[in-house]
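The block underneath contains the structure these notes are about, expressed in structure tokens.
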């Protein structure tokens, strides 16, 4: 890890964020991991922090072996670079779950060395020194007990965050342990108490209140063994309750209407920000974490409205509302306390408010950021022989390509750059055909004339134009790192970037981008005021959430014009909560736009 960090810092030292000097939306709010209580109390100047991630994945359907990579990211990088520069620090291929105390020994030893001695590198002739701390361990429900050296979540004292013993309940022919939120509030675990229980467990040879023994991760200074592993994993559980056939007789069972729910979901066309389009709920067992995130926050309520009984939909909306509040770019302490009211439906969720207080919003310490890297690890395996070597070589090639990009990309010829981009896995937009201020017009323009209505819209906006005015029409525009399409752009059949919500709260459907007199305008239709709230009890005004709209023929739409250079809030107000405009069930085309700044 040390060598990878040193190489990363050589290229991105100037990008390192200083938490005290960064520009915040609100100085009092939670806006990243640096605003959490843990970071403020334990991290000093000239110290870099790392999040580590451990998970298992099957390398091939024909192989019983699983890969257990240890991944890491640097918190002091801006979020786009944080996502880009994930590094592999350990890898194990095994037929069974690893003994993490043995597997992680070299990793912990290196981390302890970096924490004690730090790392140094030369930048512009100056020797720069940083100490490095691992502050958060991220894992799923299965791997978390292996890291903590505790019993599983469904055992006695299975919650790693508090001393809830769980209630043994009869379920079918057997029993399960339920961590009911109605059983009262139990004291939270502390790091010192957990370490004492671990020592007692090792002496007794049996678990003590869920702790089996001392974890090797406890040797990391200031690494809190209790608070480092809070994750939410209730989405699949609710989906199974709704859609499994055995629950169809229950008042919340929806298996008889599964096809209708699935059809609605598949009709949604998200924006290009979303890495995966909605896929069938039949494949939900294969959903990745960020797909569940989109389902919860953006798709579930519009899709389930009118199908799931209102009592259960309102109950589900509590989770949606609470998660949406804490996933904003800036979260006030009052909003955090307010969000906590909505997390009582699952025991683990009751600890989410404390997790945000300690480490900031969930996107700052979730597994989403590592998921695309796991996919690359799996794709690197081409045969069962020498799988670990194949993975390591693929990751080395990725690092080499990234260094090449940063070293010589500006001096490449066009053909060399084209070849390099073909090797790169990242998708890049075509070069801008024309740039006017912050607006980059993409693709070749269309020449033509405007309708009388469009000309009138331009004049209403104060634009001097005539029938013989020279103008260019574009179907794509990049503005403030957001890409917009017109309705005439047909190449993106499963994505839709043409419906936006203006700062004035008006729905705007983009028809074309017009360049006239060296100014850029967007022409489109304003949807009439026919919107209604999807859930009266839970209206969330946040750009994190989806907006689903269907335009029906015969609607009276006003032709409107917006100057993109004078409306910078266009990209900041794409969405406004769970407003639903004419979403008709059945096989009808649904246009949807959704956007969020934190994509994992």
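Numbering (my numbering), first residue to last: 1418 to 2017.
Beta carbons are placed, not taken as given, at the ideal position from N, Cα and C, and that holds for glycine.
Using DSSP with H/G/I as helix, E/B as strand and the rest coil, what is residue i?
| i | result |
| --- | --- |
| residue 1574 | coil |
| residue 1929 | strand |
| residue 1594 | strand |
| residue 1483 | strand |
| residue 1921 | coil |
| residue 1586 | strand |
| residue 1949 | With a pLDDT of only 44 at residue 1949, under 50, the local geometry of the prediction cannot be trusted, and no value is derived from it. |
| residue 1628 | strand |
| residue 1664 | helix |
| residue 1729 | helix |
| residue 1423 | helix |
| residue 2028 | There is no way to answer for residue 2028, as the model of the chain reaches only from 1418 to 2017. |
| residue 1985 | Low per-residue confidence applies at residue 1985: pLDDT is 36, beneath 50, and the placement is therefore not dependable enough to give any value. |
| residue 1669 | coil |
| residue 1471 | strand |
| residue 1724 | coil |
| residue 1435 | coil |
| residue 1893 | strand |
| residue 1602 | coil |
| residue 2066 | Shown here, the chain extends from 1418 to 2017; a query on residue 2066 therefore has no answer. |
| residue 1373 | Since the first residue of the chain shown is 1418 and the last is 2017, residue 1373 is not available in this structure. |
| residue 1888 | strand |
| residue 2006 | Low per-residue confidence applies at residue 2006: pLDDT is 28, beneath 50, and the placement is therefore not dependable, though the value from the model is reported in the following sentence. Residue 2006 falls in the coil class under three-state DSSP. |
| residue 1448 | coil |
Using CA coordinates, which residue listed in the options is at the minimum distance from residue i?
| i | options | result |
| --- | --- | --- |
| residue 1571 | 1578, 1552, 1596 | 1596 |
| residue 1494 | 1583, 1683, 1798, 1427 | 1427 |
| residue 1716 | 1889, 1767, 1627, 1685 | 1685 |
| residue 1677 | 1692, 1667, 1699, 1883 | 1699 |
| residue 1733 | 1661, 1651, 1775 | 1651 |
| residue 1770 | 1418, 1860, 1454 | 1454 |
| residue 1917 | 1785, 1683, 1925 | 1925 |
| residue 1449 | 1478, 1424, 1477, 1491 | 1491 |
| residue 1910 | 1919, 1932, 1689 | 1689 |
| residue 1932 | 1781, 1881, 1907, 1631 | 1881 |
| residue 1797 | 1435, 1476, 1444 | 1476 |
| residue 1424 | 1767, 1873, 1538 | 1538 |
| residue 1485 | 1557, 1944, 1603, 1532 | 1557 |
| residue 1502 | 1456, 1828, 1819, 1793 | 1819 |
| residue 1489 | 1784, 1850, 1805 | 1784 |
| residue 1902 | 1568, 1511, 1934, 1860 | 1860 |
| residue 1938 | 1921, 1774, 1894, 1435 | 1894 |
| residue 1565 | 1628, 1504, 1744, 1934 | 1628 |
| residue 1465 | 1439, 1532, 1510 | 1532 |
| residue 1602 | 1657, 1660, 1768 | 1768 |
| residue 1853 | 1934, 1510, 1697 | 1934 |
I believe residue i touches residue j by the beta-carbon criterion, under 8 Å. Please report the beta-carbon distance rounded to the nearest angstrom.
| i | j | result |
| --- | --- | --- |
| residue 1706 | residue 1823 | Actually they do not touch by this definition, with Cβ atoms about 29 Å apart. |
| residue 1726 | residue 1668 | 6 Å |
| residue 1574 | residue 1626 | 4 Å |
| residue 1521 | residue 1633 | 5 Å |
| residue 1550 | residue 1639 | 6 Å |
| residue 1541 | residue 1579 | That belief does not hold up - the Cβ atoms of residue 1541 and residue 1579 are roughly 50 Å apart, past 8 Å. |
| residue 1720 | residue 1693 | Contact flag wrong, Cβ pair sits at about 16 Å. |
| residue 1547 | residue 1463 | 6 Å |
| residue 1786 | residue 1500 | 6 Å |
Anyone know if the C-beta pair for residue i and residue j falls short of 8 Å?
| i | j | result |
| --- | --- | --- |
| residue 1807 | residue 1795 | no |
| residue 1583 | residue 1590 | no |
| residue 1748 | residue 1447 | yes |
| residue 1896 | residue 1863 | no |
| residue 1514 | residue 1563 | yes |
| residue 1384 | residue 1422 | There is simply no residue 1384 to check, as the chain begins at 1418 and stops at 2017 in what is shown. |
| residue 1871 | residue 1919 | no |
| residue 1506 | residue 1586 | no |
| residue 1615 | residue 1472 | no |
| residue 1576 | residue 1764 | yes |
| residue 1468 | residue 1525 | no |
| residue 1929 | residue 1905 | yes |
| residue 1858 | residue 1867 | no |
| residue 1673 | residue 1665 | yes |
| residue 1744 | residue 1709 | no |
Following a CB-centred definition, is residue i positioned closer than 7 Å to any heavy atom of the ligand COA?
| i | result |
| --- | --- |
| residue 1527 | The ligand COA is not among the ligands present in this structure, which contains no ligands whatsoever. |
From the beta carbon of residue i, is the nearest beta carbon of chain C less than 8 Å away?
| i | result |
| --- | --- |
| residue 1944 | Annotation note: the requested chain C is absent from the structure, which comprises a single protein chain. |
- Task: With a floor of 4 residues, list each alpha helix (DSSP H) that falls wholly inside the region 1492-1533, ordered by position along the chain.
- Result: Within the region 1492-1533, the runs of alpha helix (DSSP H) at least 4 residues long that lie entirely inside it are, in chain order, 1496-1501, 1517-1520.
**OP:** Return the chain-ordered ranges of every alpha helix (DSSP H) run that is complete within the region 1753-1822 and spans a minimum of 4 residues.
**Re:** 1769-1776, 1785-1796
Practice task
Go through the region 1843-1881 residue by residue and report every complete run of the beta strand (DSSP E) that reaches 3 residues or more, in order.
Solution key: 1849-1853, 1856-1859
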